[in-house]
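Below is one structure, written out as structure tokens, with a few remarks after it.
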Ligand SMILES: Cc1cc2nc3c(=O)[nH]c(=O)nc-3n(C[C@H](O)[C@H](O)[C@H](O)COP(=O)(O)OP(=O)(O)OC[C@H]3O[C@@H](n4cnc5c(N)ncnc54)[C@H](O)[C@@H]3O)c2cc1C
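Numbering (this note's numbering), first residue to last: 1 to 428.
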């Protein structure tokens, strides 16, 4: 088994072989070169703005080229909770954004002819326990009544049409969701942004960000030079660091890990996932999986801490066991790749858009950033150009910090949170 991001073997990722000098002056500087930053950059550049993406590593290096490639409807929080917290009117707008986000990915893929296997094969949320199936039944009715959104209930006896596994107790399927190869998509998005005129700068870690003395332009100091920018957008997701300290303190970086098996036979692949769904379970400590090129791509929050050699090795073993539990048919399948990445959770598990000390941000996708990052990158850029970011639906919710301020950006509480989630999965 290689500790390598399988997706990277399927596409030529942007590299650092041809670094261009950092521009001196731009309209917009974007920190972070993933879905959010690149989608925003494409949008600004299409409107003729001079925009520079500043990426610490190489373009697409972060979660955007490492994820499960699930282009999902909905938010991390159940929509019932969203209604309770923010009211029906805002909840409807936020849900509509999640549906629009899938369209945005599809539109970009089509307009830019990005070869990334985008397909609306739908998602499947599978119940781990019988009583969860009862909750899913309620959800189907609730989503139809409150959001006019139809999802299908899959009874326990009908699961074989959806998944070649006996461990689940029914599911709901949403045909709106899609799948992509995330590395191919982010590489294509980078090309599209560049073609529109955006300046993409790899190895340009931002070290310091300050409003210039006049109070008008930002001075953005990178490891390869300094530039002045009219406005700044932070798109650093789970890799948000102390350059934007106040934002860092609002974001919990959480590791997520994936294994990819060897290529399976057509027959076996078809048996495991006959509709090629994006599948995830109901657990707090959840697993998510799907096929790509007849490989089983099986992910989970196997370790809570971000990726390193140890967490990847340990997670690969845990994930292989989980995978075999779901699919005993894979007990002899070779696991060829294992990797990890970091995603971003806000303390309220919601996505947040807004302005802090004059700097704009779009963060906190909580595992929904393939679609949402792409869509919010675009819509936040549009709102910045119109000067009405405050009216963006995701700017309408408060962005909380840690309870009692007990967090400085180093998530000391993650082992406890991990344990807590495991306990909840056991007792609930
Ligand atoms: C293993 C895994 C599986 C996932 N699966 C799914 C899925 O199936 N579906 C889904 O919707 N979401 C999924 N996600 C989440 C999704 O990948 C992210 O929400 C999304 O990629 C975020 O995109 P982004 O552009 O905001 O951030 P990223 O792609 O993480 O990019 C942020 C970039 O900021 C850069 N950066 C940080 N600090 C600085 C600095 N000071 N200067 C310059 N650059 C800086 C980093 O180097 C990084 O490249 C998954 C995530 C992981 C890790």
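Just so you know, even glycine gets a beta-carbon here, dropped at the ideal spot from N, CA and C.
The beta carbons of residue 29 and residue 49 sit about 11 Å from each other, so the pair does not count as a contact at 8 Å.
Nearest to residue 218 by alpha-carbon distance, out of 25, 16, 80, 7, is 25.
For residue 326, the shortest C-beta to heavy atom distance toward ligand 1 is 6 Å or greater. 7 Å or more divides the Cβ of residue 22 from the Cβ of residue 200. When the beta-carbon positions are compared, residue 123 and residue 349 stay at least 7 Å from each other.
If you check the C-beta of residue 57 against ligand 1, you find a heavy atom less than 6 Å away.
Judged by DSSP secondary structure, residue 39 falls outside any beta strand (DSSP E) and instead within the alpha helix (DSSP H) spanning 35-46. Distance from the C-beta of residue 242 to the nearest heavy atom of ligand 1 is not below 6 Å. When rounded, the separation of the alpha-carbon atoms in residue 276 and residue 121 is 6 Å.
Per DSSP, the beta-bridge partners of residue 342 are 255. Here DSSP, grouped into helix, strand and coil, assigns residue 70 to strand.
The C-beta distance from residue 273 to residue 295 rounds to 11 Å, too long to meet the 8 Å contact threshold.
Rounded to whole angstroms, the gap between the alpha carbons of residue 204 and residue 319 is 34 Å. Shown here for residue 232: same chain residues with a beta carbon closer than 6 Å to its own, the five before and five after excluded, namely 29, 218, 359 in chain order. Secondary structure note for residue 295: its beta strand (DSSP E) is the uninterrupted segment 295-300. Proximity to residue 155 across 146, 149, 140, 379 peaks at 140, based on C-alpha coordinates. The alpha-carbon of residue 222 is positioned some 5 Å away from that of residue 207. Taking a cut-off of 8 Å for Cβ pairs, the stretch 337-357 and the stretch 238-247 touch, as three or more such pairs fall below it. For residue 395, there is no enclosing alpha helix (DSSP H), since its DSSP letter is neither H nor E. Beta-carbon to beta-carbon, residue 262 and residue 334 are separated by about 4 Å, close enough to satisfy the 8 Å threshold.
In the DSSP assignment, residue 152 falls within the beta strand (DSSP E) that extends over 152-154. Here the distance from the Cβ of residue 67 to the nearest heavy atom of ligand 1 is below 6 Å.
Linking residue 152 to residue 309 through their CA atoms gives a straight-line distance of about 40 Å. Relative to the Cα of residue 145, the nearest Cα in the group 171, 116, 80, 110 belongs to 80.
Taking non-hydrogen atoms of ligand 1 into account, the C-beta of residue 63 is found less than 6 Å away from one of them.
Counted as a single uninterrupted DSSP element, the stretch harbouring residue 372 is not any beta strand (DSSP E) but the alpha helix (DSSP H) occupying residues 369-386. Per DSSP, the beta bridge partners of residue 26 are 229. By a beta-carbon distance limit of 8 Å, residue 354 contacts residue 389. Their separation comes to about 7 Å. Taking a cut-off of 8 Å for Cβ pairs, the stretch 320-328 and the stretch 362-381 do not touch, as fewer than three such pairs fall below it.
In this structure, the alpha-carbon of residue 75 lies about 7 Å from that of residue 95. Listed in chain order, the non-local C-beta contacts of residue 399 below 7 Å within the same chain comprise 250, 346, 352, 354, local neighbours out to five positions each way being set aside.
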